[in-house]
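Have a look at the structure below, then the notes.
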Amino acid sequence: MNTIKNYLDNMFLGLPETEDVKRAKKELLAMMEDKYNELKNSGKTENEAIGIVISEFGNLDELADALGIRQVVDNKSDINCVTYEEAEGYLEDSRNIAPKTAIGVFLCIMSPTFLLLLLGLNELGFLQVKEERLVAAGLAVLIGLVAAGVSFFIRYSSKLEKYEYMQKSVFQLDYNTEQMVRRVMAQDEPAYTSAVTTSVIMYILSPLSIILTALLLNSGGASIISVVGTLTIVACATYNLISKGGINNACQVLLQQGDYSVKTKSNKTFQIISKIYWLAVVAVYLLYSFTTNRWAISWIVWPIAGIVFAILKIVTEEK
Amino acid sequence: MISSDIIRGYTDTMILYLLLNEPSYGYEISRKIKELTDEKYIMKETTLYSAFKRMEANGYIESFSGEETYGKPRTYYKITEAGKSYYREKCEEWELTKEVIEKFIVKENNHEYY
């Protein structure tokens, strides 16, 4: 029954929600449900019943004049249509590329750790080197790792570039393709859920390294090094989440759910804000870190930025 | 196979015929059409609904909320006086159409025309 409702939802996607349109949708659904129930009662299987109901439904074009939406319907055919092959290709590419993107993110998160390690060891008196040199060496590694990480993004994101419109603009998916995507998503569900669970537990436990060090050892050097532990756990958790979340994310893109819903895509204000926002966050992070040299604490910008971003999204959508 | 061009001019007639005796609702009408035509013609939901809207706007039928077995209110349609006279007009029109077209149709036993 959900399939029929989804089919209808998809067909009405992007239409203005006038009283006429809402009423039409309700009545068409009622007719389809009646037909479905009767077919089921006459001994048809669920799939047969759905198949018949959908094949006998008709098309939006016939409703256009009656509902006064001729213009919208005619324009709707201009909306991109994602084909079965494109959807399959996107899923396949996402599956392959997610682990590579995850490595890139892992490298970026790990990038300040060497610097922190050097500063910590120095603070503890293990290294007899001038701090300026340590900072220089640490920064060199930091920049090197970020560069390596970014090179992963550039190399692999170009392969997904051709699918970018799916994330940004509204498109249509035919019935078969949608069913295929839903199947893939359902198959991936257990693995994805367990990856999310593992990563969330790791995120929650990650500050333990800092907290325990602060409680047990009253040492500035040790507490700097303890950040390395936290960052490593965060990096591993994020790697796990991104590499195993590729399929789920691609399915969400194709089904236009969650972050890729028609509502979010139509929210142009938010689209622009989010672009500027993340650039600004990077600038703040680098500016603060370089000017104060407090790398041990500046990473906190990221989790805070994430939460603020979520709030921004909700606020702009409310409007 | 029925040509949808011909049928299109008479979907209203089919629906009005089914409403002559008693009010009815979407699925019931579509089921009766299917039964009466021995499944030779199945009216698509979108065709049916746009006919409802069109005829309602023209004043041939009126809709009202009626009882439904599953608890949800269901939209029923009933024919108006204007609908009845429109139906009679369409019947006359069809008789005439049939008479005219018939003159050009070769009957199966008249093989010499082939």
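Chains as they are written, first to last, in our numbering: chain A, 1 to 319; chain B, 320 to 433. Where is the CB? At the ideal position from N, CA and C, for every residue including glycine.
_Y175(A) - partner residues in DSSP beta bridges_ = In the first sequence, residue 175(A) corresponds to position 175, counting from 1. Bridge partners of Y175(A): none, in fact.
*asked:* Can you give me the C-alpha to C-alpha distance between C410(B) and I398(B), rounded to a whole angstrom?
replied: Translated into the one-based positions of the second sequence, residue 410(B) becomes position 91. Translated into the one-based positions of the second sequence, residue 398(B) becomes position 79. Distance from the CA of C410(B) to the CA of I398(B), rounded to the nearest whole angstrom, comes to 16 Å.
*asked:* Do V184(A) and S206(A) count as a contact pair if the criterion is CB distance below 8 Å?
replied: Indexing the first sequence from 1 puts residue 206(A) at position 206. Indexing the first sequence from 1 puts residue 184(A) at position 184. In this structure, S206(A) lies away from V184(A), with their beta-carbon atoms at least 8 Å apart.
*Would you tell me roughly how many angstroms separate the C-alpha atoms of L28(A) and V228(A), rounded to the nearest one?*
Start at 1 with the first residue of the first sequence, and residue 28(A) comes out as number 28. Start at 1 with the first residue of the first sequence, and residue 228(A) comes out as number 228. If I take the Cα positions, the gap works out to 59 Å.
_Only counting the same chain, and skipping five residues up and downstream in sequence, which positions put a Cβ closer than 8 Å to that of N176(A)?_
Residue mapping note: residue 176(A) aligns to position 176 of the first sequence, counting from 1. Excluding the 5 residues flanking it on each side, N176(A) has same chain C-beta neighbours closer than 8 Å at Y84, in chain order.
*chain B beta carbons: is any one of them nearer than 8 Å to that of A49(A)?*
Taking the first sequence and counting its residues from 1, the one referred to as residue 49(A) is at position 49. It does not: the Cβ of A49(A) has no partner Cβ on chain B nearer than 8 Å.
*Pick out whichever of E56(A), I307(A), I211(A), Q252(A) has its Cα sitting closest to the Cα of A87(A).*
Counting from one through the first sequence, the residue named residue 87(A) turns up at place 87. Of all alpha-carbon atoms in E56(A), I307(A), I211(A), Q252(A), the one lying nearest the alpha-carbon of A87(A) is that of Q252(A).
*asked:* Using C-beta distances below 7 Å, list every residue in its chain close to E123(A), excluding the 5 sequence neighbours before and after it, in chain order.
replied: Along the first sequence, one-based indexing puts residue 123(A) at 123. Within the same chain, G220, G221, I224 come within 7 Å of E123(A) by CB-CB distance, once the 5 residues on both sides are set aside.
*For Y344(B), name the three-state secondary structure that DSSP assigns.*
Taking the second sequence and counting its residues from 1, one reaches residue 344(B) at position 25. In this structure, Y344(B) counts as strand in the three-state DSSP scheme.
*Is S209(A) helix, strand or coil by DSSP?*
Within the first sequence, numbered from 1, the residue matching residue 209(A) stands at position 209. The answer is helix: DSSP assigns S209(A) an H, G or I state.
*Whose CA, out of T113(A), Y165(A), L134(A), K130(A), lies closest to the CA of L142(A)?*
Residue mapping note: residue 142(A) aligns to position 142 of the first sequence, counting from 1. Here the closest residue by C-alpha is T113(A).
*Could you confirm whether any beta carbon from chain A is found closer than 8 Å to the beta carbon of L372(B)?*
One-based indexing of the second sequence puts residue 372(B) at position 53. A quick correction: the sequence has Lys, not Leu, at residue 372(B). At least one chain A Cβ lies under 8 Å of K372(B).
*Cβ atoms of A195(A) and K244(A): under 8 Å apart, would you say?*
The count along the first sequence starts at 1 and reaches residue 244(A) at position 244. The count along the first sequence starts at 1 and reaches residue 195(A) at position 195. At the C-beta level, K244(A) and A195(A) come within 8 Å of one another.
*What's the C-alpha gap between S349(B) and K363(B)?*
Numbered from 1 along the second sequence, position 30 holds the residue referred to as residue 349(B). Numbered from 1 along the second sequence, position 44 holds the residue referred to as residue 363(B). Spanning the two alpha carbons is a distance of roughly 8 Å.
*What is the DSSP secondary structure of R393(B), counted as helix, strand or coil?*
Within the second sequence, the letter at position 74 stands for residue 393(B). For R393(B), the secondary structure class from DSSP, reduced to helix, strand or coil, is strand.
*I398(B) - DSSP class collapsed to helix/strand/coil*: As a working note, residue 398(B) is residue 79 in the second sequence. Reduced to three states, the DSSP call for I398(B) is strand.
*Mind checking if S349(B) is an interface residue toward chain A, Cβ cutoff 8 Å exclusive?*
Here residue 349(B) refers to the residue found at position 30 of the second sequence. Yes, contact with chain A.
*Contact check, L107(A) vs G51(A), beta carbons under 8 Å*: In the first sequence, the residue the question calls residue 107(A) occupies position 107. In the first sequence, the residue the question calls residue 51(A) occupies position 51. Not closer than 8 Å, so no.
*Tell me whether the beta-carbon of G14(A) lies closer than 8 Å to the beta-carbon of T365(B).*
If you number the first sequence from 1, residue 14(A) lands on position 14. If you number the second sequence from 1, residue 365(B) lands on position 46. No; because the gap between Cβ atoms is not below 8 Å, this pair is not in contact.
*Would you give the residue range spanned by the alpha helix (DSSP H) that F12(A) belongs to?*
Reading the first sequence from its first residue, position 12 is the one you call residue 12(A). Segment: none, F12(A) is in no alpha helix (DSSP H) and carries neither H nor E.
*Just the Cα atoms here: how many angstroms apart are E17(A) and E418(B)?*
Taking the first residue of the first sequence as position 1, residue 17(A) is located at position 17. Taking the first residue of the second sequence as position 1, residue 418(B) is located at position 99. Taking C-alpha positions only, E17(A) is separated from E418(B) by approximately 46 Å.
*asked:* As an exercise, report each continuous alpha helix (DSSP H) stretch of at least 4 residues that is fully enclosed by the region 347–381 of chain B, in chain order.
replied: You should have 364–377.
*asked:* Give me, in chain order, the residues of the same chain whose beta-carbon lies closer than 6 Å to that of M202(A); leave out the 5 immediate sequence neighbours on both sides.
replied: Indexing the first sequence from 1 puts residue 202(A) at position 202. Taken in chain order, the residues that qualify are I233, A237.
*Would you give the residue range spanned by the alpha helix (DSSP H) that N267(A) belongs to?*
Position 267 of the first sequence holds residue 267(A). Going by DSSP, N267(A) is part of no alpha helix (DSSP H) at all; its letter is neither H nor E.
*Local Cβ density within 10 Å of S384(B), reported as buried at 16 or more and exposed below that*: Counting from 1 along the second sequence, the entry for residue 384(B) is found at position 65. Label assigned to S384(B): exposed.
*Measuring CA to CA, which of I4(A), R95(A), L118(A), V72(A) is closest to W321(A)?*
An answer regarding residue 321(A) cannot be provided, because it is not within the stretch 1 to 319 covered by chain A.
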